[in-house]
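Working notes, beginning with the structure itself.
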Amino acid sequence: MQPRVMVNTKKTRPMLSRVLGMALFCWLILAAGLLMGQTQGVLVRVKGEAQTRQLRAFQQSGCHYAALGELAGAMGGRAVKTDKAKKTVVYLGKAEITVSPFNCFIVIGNAVRHMPIETLLRDGELFVPVQYFLEAVAAYLPAGTEWDESTATLTLPAGGGAVQGVTVEEKANGTLVRIATTRRFAASDVYTSLPGNGWLYVDFYRGTVDSSVAYLDDRAKAVRQWYASQLSPELARVALRLRGNPTKREVIIPSDVSEVWVSLPSQDTLSTDLLNDLRAQREKWRIDTI
231 MQPRVMVNTK KTRPMLSRVL GMALFCWLIL AAGLLMGQTQ GVLVRVKGEA QTRQLRAFQQ
291 SGCHYAALGE LAGAMGGRAV KTDKAKKTVV YLGKAEITVS PFNCFIVIGN AVRHMPIETL
351 LRDGELFVPV QYFLEAVAAY LPAGTEWDES TATLTLPAGG GAVQGVTVEE KANGTLVRIA
411 TTRRFAASDV YTSLPGNGWL YVDFYRGTVD SSVAYLDDRA KAVRQWYASQ LSPELARVAL
471 RLRGNPTKRE VIIPSDVSEV WVSLPSQDTL STDLLNDLRA QREKWRIDTI
């Protein structure tokens, strides 16, 4: 006689419910991932060059979204995040562009532009629909900029790049000159000189100057005079006459923005060794007076 196998249906049913619940939970996670969009990078290339650059991006609702900060840097601008409502301000040529998350509107100066779809926020980073964002800021892009939605490729014009603007910042230990360009220059293509009388020359090989977009932001009031000129078809110059008379300079090529920085240390900046020596003498004086 075969023994009978008893099944406790009271225990089996809850277990089956838990299995079905876990399966439903996994399906919901997968569906949410699909709704958030497929990850796909945006390529940036320069006409005539084989090397490309990839921006963080994803595709959603048939549209490519790219990280705003990286997109601005690729076009020669810079993006600054603000604490207020997680807004990002993009400086592109003369334009100051304010972009908010989950919003179809962007503000350019005092004008408002509308995009058909809204911006998105991912992991604290603001993403914009590339095609519609470029259409909204087209007036401030380098001539020849092209976007191909089907291949997610942003093509920038060839050449060393145009000077878009100059910002001079006064620091505690000197002056920092920031020159915005439409694309990144190699350090070997930038030459600086100090001819005297406070003048600083910054020359760009394969560079151009567009007088309609070149500007100087001199909120630091560290500049007496300045000009930008095209010395030859392949050489552009930015000349600044500073209020001081610098004797040293250092060229810095940042990796995250299309800018050239020139650091000018103050003449009265003390070296580290000298500061340490002064501190040691002060401590010795304190001990001797006790």
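Going by the working numbering, the sequence shown opens with residue 231, and the numbers climb by one from there. The C-beta atom is built at its ideal place from N, Cα and C for all residues, glycine as well.
Best match in the options for proximity to residue i [C-alpha to C-alpha]
i, options, result
"Leu494", "Thr405, Gly428, Arg286, Ile338", "Thr405"
"Val358", "Val319, Gly391, Ala392, Gly395", "Val319"
"Gln455", "Ala366, Ala417, Leu461, Arg473", "Arg473"
"Thr381", "Val487, Ser496, Gln284, Glu279", "Gln284"
"Leu350", "Cys293, Leu465, Phe415, Arg275", "Cys293"
"Thr422", "Leu322, Leu301, Trp491, Asp486", "Trp491"
"Asp486", "Asp419, Ala280, Arg308", "Arg308"
"Pro484", "Leu273, Asp433, Ala416", "Ala416"
"Gly426", "Asn475, Cys334, Arg286, Ser418", "Asn475"
"Val439", "Gly428, Ala469, Val453, Ala452", "Ala469"
"Ile347", "Gln289, Leu430, Leu461, Val453", "Gln289"
"Lys451", "Asp353, Val407, Arg413, Tyr321", "Val407"
"Tyr431", "Arg275, Gln460, Thr412", "Gln460"
"Phe363", "Arg467, Phe335, Thr312, Arg413", "Phe335"
"Glu365", "Arg352, Ala466, Lys277, Arg343", "Arg343"
"Leu446", "Gly437, Arg414, Ile409", "Ile409"
"Leu301", "Thr312, Gln361, Asp313", "Gln361"
Unbroken alpha helix (DSSP H) run spanning residue i, endpoints
i, result
"Leu298", "298–304"
"Ala366", "360–366"
Residue environment, residue i, which counts as buried when at least 16 other CB atoms sit within 10 Å
i, result
"Lys478", "exposed"
"Pro463", "exposed"
"Ala315", "exposed"
"Tyr295", "buried"
"Thr332", "The displayed chain sequence assigns Phe, not Thr, to residue 332. The residue in question, Phe332, is exposed, as its Cβ has fewer than 16 Cβ neighbours within 10 Å."
"Gly306", "buried"
"Tyr457", "exposed"
"Ala368", "exposed"
"Gly299", "buried"
"Thr411", "buried"
"Val274", "buried"
"Ala280", "exposed"
"Ala402", "exposed"
"Ala261", "Only weak support exists for where Ala261 lies, its pLDDT of 43 falling under 50; the coordinates are left without a value."
Euclidean distance between Cα positions of residue i and residue j
i, j, result
"Val481", "Arg471", "17 Å"
"Ser488", "Gly391", "10 Å"
"Tyr435", "Val329", "34 Å"
"Trp257", "Glu355", "Annotation note: pLDDT 46 at Trp257 (below 50); position unreliable, no value reported."
"Ala253", "Asp378", "Its pLDDT being 49, under 50, Ala253 is placed unreliably by the model, and the measurement read from it follows with that caveat. Answer to the nearest angstrom: the Cα atoms are 40 Å apart."
"Ala287", "Tyr321", "21 Å"
"Asn340", "Glu326", "9 Å"
"Ser418", "Met345", "40 Å"
"Gly428", "Val453", "9 Å"
"Val272", "Ser496", "42 Å"
"Val337", "Ala297", "18 Å"
"Ala466", "Val420", "10 Å"
"Gly303", "Leu424", "29 Å"
"Lys277", "Asp433", "23 Å"
"Pro387", "Arg413", "9 Å"
"Gln353", "Glu399", "The displayed chain sequence assigns Asp, not Gln, to residue 353. Cα to Cα, the separation comes out at about 31 Å."
"Thr312", "Glu376", "29 Å"
"Thr385", "Lys317", "27 Å"
"Thr383", "Ser291", "18 Å"
"Thr282", "Val310", "25 Å"
Bounding residues of the beta strand (DSSP E) (the contiguous stretch that carries residue i)
i, result
"Asp433", "429–435"
"Pro372", "No beta strand (DSSP E) contains Pro372, which DSSP labels as neither H nor E."
"Ala392", "392–401"
"Gly426", "420–426"
"Arg308", "308–311"
"Ala466", "465–472"
"Ser462", "453–462"
"Phe288", "287–290"
Within 8 Å, do at least three Cβ pairs link the region 367–374 to the region 395–409?
no
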